[in-house]
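Student: Got a structure for you, questions after.
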Amino acid sequence: MSEVDPEVSSETFGFDYSDADPIAGSPLYDDTLTTLAVEELPVGGRTLLALSDGFFTIDRVPEFLGSPADPHGLHDDLVAQGMTPPRVPVGAFVWPGELNVLVDAGFGPRDGGGGIMVGGELRRNMARKGLGFDDIDIVALSHLHPDHTGWLADFEGNPLFVNARVVMGAQDWHHFMETDEAQLPIDGYVKRALMTLADQGRVDLLEGDVVVAPGITRLDGAGHTPGHSLYLVEDGGERAILFGDAMYCPQQLTEVDWIAGSDVDPRAAQRVRERYLRELDEGGGVGLGCHFPGLKGGRVLSGAWQSV
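Sequential numbering from 1344 applies to the sequence shown in the working numbering.
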(Lines of atoms letter the chains of each structure in order from A and count residues from 1; the text may use other names and numbers.)
(Lines give C-alpha, C1' and ligand atoms only; values in the text may rest on other atoms or scores of the structure.)
Protein backbone atom coordinates (compact mmCIF):
# COMPACT_ATOMS: atom_id res chain seq x y z
CA MET A 1 0.00 0.00 0.00
CA SER A 2 1.42 3.36 -1.00
CA GLU A 3 2.26 6.26 1.23
CA VAL A 4 -0.24 9.06 1.74
CA ASP A 5 0.17 12.67 2.76
CA PRO A 6 -0.70 12.81 6.48
CA GLU A 7 -1.12 16.58 6.39
CA VAL A 8 -4.15 16.57 4.09
CA SER A 9 -7.02 17.48 6.42
CA SER A 10 -10.73 18.19 6.22
CA GLU A 11 -10.01 21.50 7.95
CA THR A 12 -9.37 22.57 4.38
CA PHE A 13 -13.02 21.90 3.61
CA GLY A 14 -14.61 23.93 6.39
CA PHE A 15 -14.92 21.38 9.20
CA ASP A 16 -14.73 22.85 12.69
CA TYR A 17 -12.84 20.82 15.29
CA SER A 18 -13.11 23.38 18.10
CA ASP A 19 -16.23 21.93 19.79
CA ALA A 20 -16.05 18.39 21.16
CA ASP A 21 -19.84 18.06 21.04
CA PRO A 22 -21.08 20.40 18.30
CA ILE A 23 -24.46 18.72 17.97
CA ALA A 24 -25.45 19.55 21.56
CA GLY A 25 -26.19 23.19 20.71
CA SER A 26 -28.03 22.45 17.48
CA PRO A 27 -31.78 23.08 17.07
CA LEU A 28 -31.92 19.57 15.57
CA TYR A 29 -30.39 17.95 18.64
CA ASP A 30 -33.66 16.23 19.57
CA ASP A 31 -34.95 15.69 16.02
CA THR A 32 -36.38 12.18 15.69
CA LEU A 33 -36.08 12.22 11.89
CA THR A 34 -32.33 12.72 12.01
CA THR A 35 -30.23 13.09 15.18
CA LEU A 36 -32.28 10.76 17.36
CA ALA A 37 -33.25 8.30 14.62
CA VAL A 38 -32.79 4.79 15.99
CA GLU A 39 -34.53 1.81 14.41
CA GLU A 40 -34.55 -1.93 15.06
CA LEU A 41 -35.22 -4.02 11.95
CA PRO A 42 -35.91 -7.73 12.47
CA VAL A 43 -34.15 -9.93 9.90
CA GLY A 44 -35.00 -13.56 10.57
CA GLY A 45 -34.09 -14.25 14.17
CA ARG A 46 -31.64 -11.36 14.38
CA THR A 47 -32.02 -7.59 14.66
CA LEU A 48 -30.32 -4.97 12.52
CA LEU A 49 -29.77 -1.66 14.33
CA ALA A 50 -29.99 1.60 12.37
CA LEU A 51 -28.35 4.41 14.36
CA SER A 52 -27.97 8.09 13.52
CA ASP A 53 -24.80 10.08 14.02
CA GLY A 54 -26.39 13.44 13.16
CA PHE A 55 -27.94 15.28 10.26
CA PHE A 56 -27.40 16.81 6.85
CA THR A 57 -29.53 19.88 6.05
CA ILE A 58 -29.89 20.63 2.37
CA ASP A 59 -31.57 24.05 2.54
CA ARG A 60 -28.22 25.71 1.72
CA VAL A 61 -27.28 23.13 -0.90
CA PRO A 62 -30.64 22.55 -2.63
CA GLU A 63 -28.95 21.32 -5.77
CA PHE A 64 -27.33 18.37 -3.97
CA LEU A 65 -29.76 15.75 -5.28
CA GLY A 66 -31.79 16.16 -8.44
CA SER A 67 -31.72 16.02 -12.21
CA PRO A 68 -31.12 18.55 -15.01
CA ALA A 69 -34.88 18.89 -15.36
CA ASP A 70 -35.45 18.99 -11.59
CA PRO A 71 -32.18 20.26 -10.06
CA HIS A 72 -33.61 20.75 -6.55
CA GLY A 73 -35.50 17.46 -6.58
CA LEU A 74 -34.98 16.14 -3.04
CA HIS A 75 -34.97 19.59 -1.48
CA ASP A 76 -38.28 20.55 -3.06
CA ASP A 77 -39.84 17.18 -2.27
CA LEU A 78 -38.96 17.45 1.43
CA VAL A 79 -40.23 21.03 1.59
CA ALA A 80 -43.49 19.91 -0.03
CA GLN A 81 -43.81 17.34 2.77
CA GLY A 82 -43.61 20.19 5.29
CA MET A 83 -40.07 19.42 6.47
CA THR A 84 -38.38 22.63 7.64
CA PRO A 85 -35.47 22.69 7.30
CA PRO A 86 -35.28 19.93 4.68
CA ARG A 87 -32.89 17.38 6.14
CA VAL A 88 -31.75 13.77 6.20
CA PRO A 89 -29.91 11.73 8.84
CA VAL A 90 -26.30 10.59 8.75
CA GLY A 91 -26.73 6.92 9.58
CA ALA A 92 -24.75 3.81 10.41
CA PHE A 93 -25.79 0.22 11.10
CA VAL A 94 -24.87 -2.50 13.57
CA TRP A 95 -25.35 -6.19 12.79
CA PRO A 96 -24.84 -7.85 16.18
CA GLY A 97 -23.83 -11.48 16.38
CA GLU A 98 -20.91 -13.80 16.88
CA LEU A 99 -18.96 -10.98 15.26
CA ASN A 100 -20.40 -7.51 15.76
CA VAL A 101 -20.28 -5.60 12.49
CA LEU A 102 -20.61 -1.83 12.18
CA VAL A 103 -21.53 -0.68 8.68
CA ASP A 104 -20.19 2.87 8.22
CA ALA A 105 -18.86 5.18 10.90
CA GLY A 106 -20.79 8.44 10.66
CA PHE A 107 -19.42 11.97 10.41
CA GLY A 108 -17.89 12.18 13.88
CA PRO A 109 -18.19 14.93 16.51
CA ARG A 110 -17.81 17.95 14.27
CA ASP A 111 -19.61 20.64 12.31
CA GLY A 112 -19.32 20.72 8.53
CA GLY A 113 -20.11 23.83 6.56
CA GLY A 114 -21.34 25.88 9.50
CA GLY A 115 -24.23 23.59 10.37
CA ILE A 116 -24.93 21.95 7.01
CA MET A 117 -23.74 18.60 8.38
CA VAL A 118 -23.23 17.92 12.08
CA GLY A 119 -22.34 14.62 13.74
CA GLY A 120 -21.47 13.23 17.12
CA GLU A 121 -24.34 10.93 18.19
CA LEU A 122 -23.15 7.50 17.05
CA ARG A 123 -21.29 6.62 20.25
CA ARG A 124 -24.26 7.65 22.41
CA ASN A 125 -26.81 5.89 20.21
CA MET A 126 -24.73 2.72 20.34
CA ALA A 127 -24.51 3.00 24.13
CA ARG A 128 -28.31 3.18 24.30
CA LYS A 129 -28.27 -0.29 22.76
CA GLY A 130 -25.64 -1.57 25.16
CA LEU A 131 -22.76 -1.35 22.70
CA GLY A 132 -19.43 0.43 22.79
CA PHE A 133 -16.77 0.94 20.15
CA ASP A 134 -14.69 -1.81 21.81
CA ASP A 135 -17.49 -4.31 21.09
CA ILE A 136 -17.13 -3.92 17.33
CA ASP A 137 -15.20 -6.69 15.57
CA ILE A 138 -15.53 -5.47 11.97
CA VAL A 139 -16.09 -2.00 10.55
CA ALA A 140 -17.50 -2.49 7.05
CA LEU A 141 -17.34 0.73 5.04
CA SER A 142 -19.63 1.45 2.12
CA HIS A 143 -17.12 4.06 0.93
CA LEU A 144 -14.62 6.62 2.18
CA HIS A 145 -16.57 9.88 2.11
CA PRO A 146 -16.28 11.93 5.33
CA ASP A 147 -19.83 11.22 6.56
CA HIS A 148 -19.11 7.47 6.56
CA THR A 149 -15.65 7.46 8.16
CA GLY A 150 -15.75 10.20 10.81
CA TRP A 151 -15.54 7.98 13.91
CA LEU A 152 -12.73 5.74 12.60
CA ALA A 153 -10.18 7.80 14.53
CA ASP A 154 -9.73 10.65 16.93
CA PHE A 155 -8.43 13.92 15.52
CA GLU A 156 -4.85 12.82 16.19
CA GLY A 157 -5.29 9.84 13.88
CA ASN A 158 -5.55 7.15 16.54
CA PRO A 159 -7.99 4.34 15.61
CA LEU A 160 -11.09 4.33 17.83
CA PHE A 161 -12.32 0.79 17.09
CA VAL A 162 -9.37 -0.84 18.79
CA ASN A 163 -10.56 -4.44 18.37
CA ALA A 164 -11.89 -4.20 14.83
CA ARG A 165 -10.78 -5.03 11.34
CA VAL A 166 -11.83 -2.60 8.61
CA VAL A 167 -13.16 -3.85 5.28
CA MET A 168 -13.90 -1.82 2.14
CA GLY A 169 -13.87 -1.95 -1.63
CA ALA A 170 -10.33 -2.14 -3.02
CA GLN A 171 -10.93 0.58 -5.58
CA ASP A 172 -11.98 3.03 -2.88
CA TRP A 173 -8.63 2.53 -1.17
CA HIS A 174 -6.90 3.28 -4.45
CA HIS A 175 -9.09 6.30 -5.25
CA PHE A 176 -8.98 7.96 -1.82
CA MET A 177 -5.69 6.76 -0.35
CA GLU A 178 -3.36 6.46 -3.33
CA THR A 179 -4.45 9.27 -5.68
CA ASP A 180 -5.47 12.90 -5.38
CA GLU A 181 -8.48 12.44 -7.66
CA ALA A 182 -11.25 12.36 -5.02
CA GLN A 183 -13.79 15.19 -5.26
CA LEU A 184 -14.43 14.79 -1.52
CA PRO A 185 -11.00 13.81 -0.15
CA ILE A 186 -10.74 11.61 2.90
CA ASP A 187 -9.88 13.38 6.17
CA GLY A 188 -6.21 13.52 7.09
CA TYR A 189 -6.75 12.00 10.53
CA VAL A 190 -8.73 9.11 8.99
CA LYS A 191 -5.92 8.50 6.49
CA ARG A 192 -3.43 8.25 9.30
CA ALA A 193 -5.62 5.76 11.19
CA LEU A 194 -6.22 3.61 8.11
CA MET A 195 -2.51 3.49 7.37
CA THR A 196 -1.86 2.44 10.97
CA LEU A 197 -4.48 -0.29 10.70
CA ALA A 198 -3.10 -1.42 7.34
CA ASP A 199 0.39 -1.65 8.81
CA GLN A 200 -1.10 -3.88 11.53
CA GLY A 201 -2.72 -6.12 8.94
CA ARG A 202 -6.22 -5.03 9.96
CA VAL A 203 -7.51 -3.66 6.63
CA ASP A 204 -9.14 -5.98 4.08
CA LEU A 205 -9.59 -4.67 0.54
CA LEU A 206 -12.41 -6.47 -1.22
CA GLU A 207 -13.32 -7.18 -4.83
CA GLY A 208 -16.70 -8.52 -5.93
CA ASP A 209 -19.24 -10.10 -3.58
CA VAL A 210 -17.57 -11.37 -0.38
CA VAL A 211 -18.90 -12.74 2.92
CA VAL A 212 -17.36 -10.57 5.65
CA ALA A 213 -18.98 -12.20 8.73
CA PRO A 214 -21.78 -14.68 9.43
CA GLY A 215 -24.93 -13.31 7.82
CA ILE A 216 -23.39 -10.30 6.09
CA THR A 217 -22.00 -10.06 2.56
CA ARG A 218 -20.27 -7.22 0.78
CA LEU A 219 -21.86 -6.52 -2.62
CA ASP A 220 -20.08 -4.70 -5.41
CA GLY A 221 -21.71 -1.33 -6.07
CA ALA A 222 -19.19 0.85 -7.88
CA GLY A 223 -20.62 4.15 -9.04
CA HIS A 224 -21.14 6.55 -6.17
CA THR A 225 -17.43 5.95 -5.61
CA PRO A 226 -15.11 3.63 -7.56
CA GLY A 227 -15.13 0.96 -4.84
CA HIS A 228 -18.55 1.61 -3.32
CA SER A 229 -19.97 -1.34 -1.37
CA LEU A 230 -23.47 -2.39 -0.44
CA TYR A 231 -24.01 -4.90 2.37
CA LEU A 232 -26.53 -7.74 2.40
CA VAL A 233 -27.62 -9.04 5.81
CA GLU A 234 -29.44 -12.38 5.95
CA ASP A 235 -30.92 -14.70 8.54
CA GLY A 236 -33.63 -17.33 8.52
CA GLY A 237 -34.50 -16.79 4.88
CA GLU A 238 -35.00 -13.03 5.35
CA ARG A 239 -32.72 -10.29 4.09
CA ALA A 240 -32.02 -6.58 3.98
CA ILE A 241 -29.78 -4.61 1.63
CA LEU A 242 -27.86 -1.64 3.03
CA PHE A 243 -27.41 0.73 0.13
CA GLY A 244 -24.73 3.03 1.53
CA ASP A 245 -25.06 6.05 -0.75
CA ALA A 246 -25.91 4.05 -3.88
CA MET A 247 -29.50 5.02 -3.13
CA TYR A 248 -29.57 8.28 -1.22
CA CYS A 249 -33.32 8.42 -0.64
CA PRO A 250 -36.39 6.29 -1.46
CA GLN A 251 -37.51 8.84 -4.05
CA GLN A 252 -34.74 7.59 -6.33
CA LEU A 253 -36.78 4.44 -6.92
CA THR A 254 -39.08 6.41 -9.20
CA GLU A 255 -36.90 9.46 -9.90
CA VAL A 256 -34.21 7.30 -11.44
CA ASP A 257 -32.40 10.26 -13.01
CA TRP A 258 -31.83 12.02 -9.69
CA ILE A 259 -28.11 12.03 -9.01
CA ALA A 260 -26.19 13.17 -5.93
CA GLY A 261 -23.61 15.92 -6.24
CA SER A 262 -21.09 13.52 -4.69
CA ASP A 263 -21.62 10.70 -7.24
CA VAL A 264 -18.28 9.99 -8.93
CA ASP A 265 -19.95 8.11 -11.79
CA PRO A 266 -23.66 9.04 -11.82
CA ARG A 267 -24.66 6.61 -14.57
CA ALA A 268 -22.93 3.67 -12.89
CA ALA A 269 -24.60 4.65 -9.61
CA GLN A 270 -27.98 4.64 -11.36
CA ARG A 271 -27.32 1.17 -12.76
CA VAL A 272 -26.45 -0.08 -9.27
CA ARG A 273 -29.74 1.30 -7.91
CA GLU A 274 -31.69 -0.29 -10.70
CA ARG A 275 -29.98 -3.65 -10.22
CA TYR A 276 -30.57 -3.97 -6.49
CA LEU A 277 -34.04 -2.44 -6.53
CA ARG A 278 -34.95 -5.03 -9.14
CA GLU A 279 -33.55 -7.74 -6.85
CA LEU A 280 -35.70 -6.47 -3.98
CA ASP A 281 -38.77 -6.36 -6.20
CA GLU A 282 -38.23 -9.88 -7.52
CA GLY A 283 -36.71 -11.58 -4.49
CA GLY A 284 -38.18 -9.68 -1.55
CA GLY A 285 -36.42 -8.14 1.39
CA VAL A 286 -35.92 -4.68 2.83
CA GLY A 287 -33.76 -1.84 1.54
CA LEU A 288 -32.25 0.88 3.68
CA GLY A 289 -29.79 3.70 3.11
CA CYS A 290 -27.63 5.83 5.40
CA HIS A 291 -29.66 8.94 4.63
CA PHE A 292 -33.22 7.60 4.50
CA PRO A 293 -35.54 9.84 6.58
CA GLY A 294 -35.86 8.44 10.08
CA LEU A 295 -33.55 5.60 9.01
CA LYS A 296 -36.64 3.62 8.06
CA GLY A 297 -36.35 0.84 5.53
CA GLY A 298 -38.80 -0.19 2.88
CA ARG A 299 -39.81 -2.85 0.38
CA VAL A 300 -40.16 -2.63 -3.37
CA LEU A 301 -43.56 -3.95 -4.42
CA SER A 302 -44.40 -3.88 -8.12
CA GLY A 303 -42.05 -0.96 -8.65
CA ALA A 304 -43.38 1.08 -5.70
CA TRP A 305 -41.71 1.86 -2.38
CA GLN A 306 -43.49 0.81 0.81
CA SER A 307 -41.96 1.80 4.15
CA VAL A 308 -41.74 -0.82 6.88
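Ideal Cβ placement from N, Cα and C applies to all residues, glycine included. Because the structure is a prediction, the values reported are computed rather than measured.
Use the C-beta contact count for Gln1302: other C-beta atoms within 10 angstroms, 16 or more gives buried, fewer gives exposed.
Tutor: Any property of residue 1302 remains undetermined from this structure, which presents the chain solely from 1344 to 1651.
Student: Could you round the C-beta distance between Glu1464 and Ser1395 to whole angstroms and report it? I think they count as a contact, below 8 Å.
Tutor: As a first step, residue 1464 is located in the sequence shown; it is residue number 121 there, counting from the start. As a first step, residue 1395 is located in the sequence shown; it is residue number 52 there, counting from the start. The Cβ separation is near 6 Å, so the contact holds.
Student: Does the contact criterion of 3 or more C-beta pairs under 8 Å hold for the segment 1429-1448 versus the segment 1608-1625?
Tutor: With the cut-off at 8 Å, the segment 1429-1448 and the segment 1608-1625 do not touch.
Student: State the DSSP-derived secondary structure class of Ala1507, mapped to helix, strand or coil.
Tutor: By 1-based counting over the sequence shown, the position of residue 1507 is 164. Reduced to three states, the DSSP call for Ala1507 is coil.
Student: Near Glu1524, which residues of its chain fall below 7 Å by C-beta distance, leaving aside the five closest residues on each side in sequence?
Tutor: As a first step, residue 1524 must be located in the sequence shown, where it is residue number 181. Closer than 7 Å at Cβ, skipping near neighbours: His1518.
Student: Straight-line CA distance for Asp1419 to Arg1621?
Tutor: The residue you call residue 1419 lines up with position 76 of the sequence shown. The residue you call residue 1621 lines up with position 278 of the sequence shown. Their Cα atoms are separated by approximately 27 Å.
Student: Do you know offhand how far Cys1633's Cα is from Gly1500's?
Tutor: Walking along the sequence shown from the start, residue 1633 turns up at place 290. Walking along the sequence shown from the start, residue 1500 turns up at place 157. Distance between the alpha carbons of Cys1633 and Gly1500: 24 Å.
Student: Rounded to the nearest angstrom, what separates Arg1403 and Gly1579 at their Cα positions?
Tutor: Here residue 1403 refers to the residue found at position 60 when the sequence shown is read from its first residue. Here residue 1579 refers to the residue found at position 236 when the sequence shown is read from its first residue. When rounded, the distance between both Cα atoms is 44 Å.
Student: For Gly1646, which residues from the same chain have a beta carbon less than 7 Å from its beta carbon, with the 5 sequence-adjacent residues on both sides left out?
Tutor: Locating residue 1646 in the sequence shown gives position 303, counting from the first residue. Closer than 7 Å at Cβ, skipping near neighbours: Asp1624.
Student: Ends of the beta strand (DSSP E) at Met1460?
Tutor: Working through the sequence shown from its first residue, we reach residue 1460 at position 117. From DSSP, the beta strand (DSSP E) with Met1460 extends over Met1460 to Gly1462.
Student: Work out the CA separation of Leu1495 and Leu1379 for me, nearest whole Å.
Tutor: On the sequence shown, position 36 is the one that residue 1379 refers to. On the sequence shown, position 152 is the one that residue 1495 refers to. Spanning the two alpha carbons is a distance of roughly 21 Å.
Student: Determine, using beta carbons only, whether Gly1425 and Gly1451 come nearer to each other than 8 Å.
Tutor: Reading the sequence shown from its first residue, position 82 is the one you call residue 1425. Reading the sequence shown from its first residue, position 108 is the one you call residue 1451. No.
Student: Is the distance from the Cβ of Leu1527 to the Cβ of Pro1489 below 8 Å?
Tutor: Within the sequence shown, residue 1527 is the residue found at index 184, counting from 1. Within the sequence shown, residue 1489 is the residue found at index 146, counting from 1. The answer is yes: Cβ separation under 8 Å.
Student: Any chance the CB of Asp1373 is under 7 Å from a heavy atom of the ligand GTP?
Tutor: The ligand GTP is not part of the structure shown, which contains no ligands of any sort.
Student: Taking the beta strand (DSSP E) that Glu1622 belongs to, which residues open and close that run?
Tutor: Within the sequence shown, numbered from 1, the residue matching residue 1622 stands at position 279. That residue, Glu1622, is in no beta strand (DSSP E); its alpha helix (DSSP H) goes Pro1609 to Gly1626.
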